[in-house]
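Counting the sequence shown from 1 gives a position; this note's numbering is that position plus 2. Just so it is clear, CB atoms sit at the ideal spot from N, CA and C, and this is done for glycine as well.
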Amino acid sequence: MPHLARRLFVLPPDLEGAARSWLENGERTPRAPRHASSVILLRDSPTGLETWLGYRPGTSPLGVLAFPGGSLEESDDAAIGWLGPTPQHWAEKLGSSDVGLVRRHVVGAIRELFEETGILLAGPDLSSTVEGTTSAEWMRAREAVADQEKSFADVLARRGLLLRTDLLKPLVNWLSPDFSHRRFNTRYFAATVPMNQQPSMLASKGVWARWVCVRNVVAERDTTALGDEVGQPNTVGLKLGQLLVPGSEIMLEKMAAANGCIAYLSHKRTAHPYQPTLVEEGGQLMLQVEAAKTVAAKTVAGEPPRLR
3 MPHLARRLFV LPPDLEGAAR SWLENGERTP RAPRHASSVI LLRDSPTGLE TWLGYRPGTS
63 PLGVLAFPGG SLEESDDAAI GWLGPTPQHW AEKLGSSDVG LVRRHVVGAI RELFEETGIL
123 LAGPDLSSTV EGTTSAEWMR AREAVADQEK SFADVLARRG LLLRTDLLKP LVNWLSPDFS
183 HRRFNTRYFA ATVPMNQQPS MLASKGVWAR WVCVRNVVAE RDTTALGDEV GQPNTVGLKL
243 GQLLVPGSEI MLEKMAAANG CIAYLSHKRT AHPYQPTLVE EGGQLMLQVE AAKTVAAKTV
303 AGEPPRLR
C-alpha cells in the first residue's frame, strides 16, 4: 500500500448544489454508482508525455474535461472475440472476485475508447492491430455503436477482429463522492496508440478534444488557458481543478512526473479504491482525497497540499 497523504481539491461548480443539499438535509444513503471504464490514451512527444482529453457536455461524473470513457452497457456482456490476458487474470490484476464484472470493464474500456476516439484495440491475432480507422466507414460504425444501433461485438465480428486486451494497462479505481446525484465506480486503464491509427472526435457528439502536453497542462493549472480554449459556457474562465474530477487531476500529475510512456505504464499500482469526501475548510466546501503523494503536490509542514 503506498503512503497516502491528505489532499484537498476545489469542488467543481456542477457539484456545489448537490454538496450543499447533502449537508443541509443530513447525510443520506448514497445513490448506487454505475460501473464505468475510462482509458488514458498516451504518446511520447519531444515536449514530454501527451494524453487525449475531451470535453463532455452536460454534467458527467468523469468531469467536464476527461479521458475517453463512460458507463458500462448490457451489450458489454455479449460474446466477443478475445485475445490477451483472460478475464480471470484481469480479475486478479484488479483485485476483484467478480470475473464477469471485470470482463465488462475491459470490454467497456475498449468500446468507449473506440466510440470516442476511433482508436481500436483489436486485431486478427496477437501480432497485429487493425489499421486506418479514420475512414467514413469506421466513423459510421462508431456512430452506430455509440447510438446502440449496432453492438460492438458485431462490428468486430463482421471484420474478423478480436479484442487485444493485452494492449490495456490497468491503472486505478475511483468512486464518485457519496453526495453526487450521478455516481460512477470507474476503472481506469491506459493504452498507447496502435500503429497507423489516429484519434478523432465522434462526428455527431464531438465538441473539443485533442492531445495535450501533460507537463504544460499541470504547469498552467492555476490559469484559465485550457478552459478558455475549449470555449464552452461551463469552461471559460475556469481553472484546471474546476474542470476535472480529483482522480483525473492526480493522474495528470503522475503523468507529468513520469519520464515517458514506458515509465508511466510500468509503474506498479495497487488495487486500492479511491473516493473523494466532502469537507469544509475555512468556510469553503472542498473535496478531500487520501491519495499517494505526487511530485506536483508539495506538502508544507503541518499543512495538507491544496490544488486550486
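If you draw a straight line from the alpha carbon of Val-174 to that of Ala-211, how long is it in whole angstroms? 23 Å
Please state whether the Cβ-Cβ distance between Leu-13 and Leu-289 is less than 9 Å. yes
Where does Lys-171 fall in DSSP's three states? Residue state, collapsed to three classes: strand.
Considering just the uninterrupted stretch of the beta strand (DSSP E) at Ile-42, what are its terminal residues? Under the DSSP assignment, Ile-42 falls in the beta strand (DSSP E) whose first and last residues are 36 to 45.
Between the beta-carbon of Trp-213 and the beta-carbon of Glu-52, is there less than 9 Å? yes
So what's Gln-290 in DSSP terms, helix, strand or just coil? Here Gln-290 sits in strand by DSSP.
With a threshold of 16 other CB atoms inside 10 Å of the CB of Lys-270, please say whether the residue is buried or exposed. exposed
Which residues in the same chain as Leu-55 place their Cβ atom closer than 6 Å to its Cβ, once the five residues preceding and following it in sequence are excluded? Leu-67 and Val-214
Would you report the Cα separation of Glu-139 and Val-132, rounded to the nearest angstrom? 14 Å
From which residue to which residue does the beta strand (DSSP E) around Ser-73 run? 71 to 73
Under the three-state DSSP convention, the category Glu-29 falls into: coil
Does the count of Cβ pairs from the stretch 70 to 88 and the stretch 150 to 163 closer than 8 Å reach three? Contact between the stretch 70 to 88 and the stretch 150 to 163 is present: 3 or more CB-CB pairs across the two stretches fall below 8 Å.
Bridge partner(s) assigned by DSSP for Glu-282: Leu-287
Beta-carbon spacing of Arg-184, Thr-61 below 9 Å: yes
Nearest neighbour of Thr-194, chosen from His-37, Cys-263 and Asn-218 [CA to CA]: Cys-263
Should Pro-59 be labelled buried (16 or more other beta-carbon atoms within 10 Å of its own) or exposed? exposed
Nearest by alpha-carbon distance to Ser-99: which of Arg-106, Gln-90 and His-107 is it? Gln-90
Outcome for Asp-168 when other beta-carbon atoms lying within 10 angstroms are tallied against a minimum of 16: By the neighbour-count rule (16 or more Cβ atoms within 10 Å), Asp-168 is not buried but exposed.
Taking the alpha carbon of Phe-191 as the point to measure from, which residue in Pro-201, Arg-33 and Val-108 has its own alpha carbon closest? If we check each option's Cα against that of Phe-191, Val-108 comes out closest.
Those residues which DSSP pairs with Arg-189 across a bridge: Ser-39 and Asn-175
Residue range of the alpha helix (DSSP H) that Val-216 falls in? Start and end: 216 to 221.
Using the rule of at least 16 other Cβ atoms within 10 Å of the residue's Cβ for burial, across every protein chain shown, is Ala-21 buried or exposed? By the neighbour-count rule (16 or more Cβ atoms within 10 Å), Ala-21 is buried.
CA-CA distance, Glu-117 and Leu-170? 16 Å
Bridge partners - Leu-67, DSSP secondary structure assignment: Tyr-57
Taking 6 Å as the limit between beta carbons, can you name the residues of its chain near Thr-105, skipping five residues before and five after? Looking at the sequence itself, residue 105 is Arg, so the reference to Thr does not match. Within the same chain, Arg-105 has close Cβ partners Pro-89.
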